[in-house]
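Residue numbers (the numbering used here), protein chains in the order written: chain A, 351 to 429; chain B, 13 to 185.
Even glycine gets a Cβ: it sits at the ideal position worked out from N, Cα and C.
What you are looking at is a predicted structure, and each value in this text was computed from that prediction instead of being measured.
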Amino acid sequence: MIIIWLIYTFALIVFFVIGWTGVYHVRKFSISGDLTQRAITLYVSIMIVIALVSIFFVLKNGASASFDINFGQIFDFKR
Amino acid sequence: MVFEQKENEEIKITLRRHWSCMIGLSVFAVVMSILPIIMYFILDSYIHLTNGFYNLFVLGMGLYYMFVCTLTFIGWLDYYLDVAVITNERVVDIDQEGLFNRKISELYLSDVEDVTGTIKGALGTFLDFGDVTVQSAGNQAEFILDKVPHPYKITKLIIDLHQDCLQGEIIKK
């Protein structure tokens with residue numbers, strides 16, 4: 351269902367906007383030579399990697415049929 | 013820039029909270045990171061994961077890890093940007109609370125009336141960290157540097173600097 355992609359995209363935007371705004375806001379408080387700049391780069395990289403990896407796995411698994419589900423299909427118990 | 017350093021002002025020491033204050037955050041980050049992996053294997057052993065469930069799970073985990081990553085990063089910033097700077101003229105205490113709240117207080121060494129170093133508990137005793145409380149003559153009654161390493165040395169440093177400051181004023185007069 352398209353609605354799940356929309357929710358995911360919306361959540362990503364919220365994370366990136368709030369997170370990055372805050373992170374770049376605190377950048378000016380760093381003392382020269384300290385770890386803040388490097389930590390910001392690491393944080394931003396991790397966020398991008400997580401977003402790309404999760405989207406990659408979903409697309410690889412077949413995004414077109416991926417969300418055509420109901421709760422009966424989700425909880426397909428083995429026993 | 014953290015604070016405006018004055019002309020002829022010399023930074024004696026820059027203090028952050030002791031590293032042991034980060035143990036809680038580190039444990040939180042590790043446990044929260046491992047939890048979904050354990051959950052996945054438990055679910056996988058009881059439930060046949062359909063494509064739809066798998067995709068929901070992957071996207072959910074993506075958001076979850078971003079959330080954990082953001083919380084950990086904010087926690088680290090809270091620790092790392094909480095700085096106390098002791099110069100030959102004043103003590104500056106910078107408190108970072110979350111991403112958007114920040115408090116900077118400063119106290120001139122000439123206003124210092126009493127300095128107390130406190131070490132509490134077994135962990136503080138073994139790792140040598142505690143609080144330094146500076147009492148001033150001004151409106152701000154107490155100035156507390158939380159969980160700094162070597163509190164007794166810091167106490168002595170502030171007292172020595174205070175005396176140097178007073179002697180400097182006497183010589184000027």
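{"Query": "How about A:V376 and B:L121: do their beta carbons lie closer than 8 Å?", "Result": "no"}
{"Query": "Considering only DSSP beta bridges, list what B:D143 is partnered with.", "Result": "B:T130"}
{"Query": "Run through DSSP, which three-state label would B:Q17 get?", "Result": "coil"}
{"Query": "So, do the region 94 to 108 of chain B and the region 24 to 32 of chain B have three or more beta carbon pairs nearer to each other than 8 Å?", "Result": "yes"}
{"Query": "Looking at C-beta atoms only, is the number of pairs between the region 77 to 88 of chain B and the region 37 to 54 of chain B that lie closer than 8 Å three or more?", "Result": "yes"}
{"Query": "Please name the residues in the region 100 to 128 of chain B whose beta-carbon is closer than 9 Å to at least one beta-carbon of chain A, in chain order.", "Result": "I106, Q108, G110, L111, F112, R114"}
{"Query": "Output yes or no for whether 8 Å exceeds the beta carbon distance between B:V104 and B:I170.", "Result": "no"}
{"Query": "Could you check if B:L71 is buried or exposed, using at least 16 other CB atoms within 10 Å of its CB as the buried criterion?", "Result": "buried"}
{"Query": "Whose C-alpha, out of B:K168, B:P163, B:L139, B:V127, is nearest the C-alpha of B:A149?", "Result": "B:V127"}
{"Query": "Apart from the five residues on each side of it in sequence, which residues of its chain come closer than 7 Å, Cβ to Cβ, to A:L392?", "Result": "none"}
{"Query": "To the nearest whole angstrom, what separates the beta carbons of B:Y164 and B:G129, a pair I think is in contact under 8 Å?", "Result": "5 Å"}
{"Query": "Just to confirm my understanding: we take A:A415, look at its own chain, exclude 5 residues before and 5 after, and list those with CB closer than 8 Å. What are they?", "Result": "Note that A:A415 scores a pLDDT of 47, beneath 50, so its modelled location is shaky and nothing firm can be said."}
{"Query": "In whole angstroms, what is the alpha-carbon distance linking B:F69 and A:A389?", "Result": "28 Å"}
{"Query": "Would you list the one or two residues that DSSP bridges to B:F138?", "Result": "According to DSSP, B:F138 bridges with nothing at all."}
{"Query": "How long is the line joining the alpha carbons of B:Q108 and A:I400, rounded to whole angstroms?", "Result": "27 Å"}
{"Query": "Do we get a CB-CB distance below 8 Å when we pair A:V317 with the residues of chain B?", "Result": "Outside the shown range of chain A, which is 351 to 429, sits residue 317 of chain A, and nothing can be said about it."}
{"Query": "Do you know offhand how far A:M397's Cα is from A:L362's?", "Result": "9 Å"}
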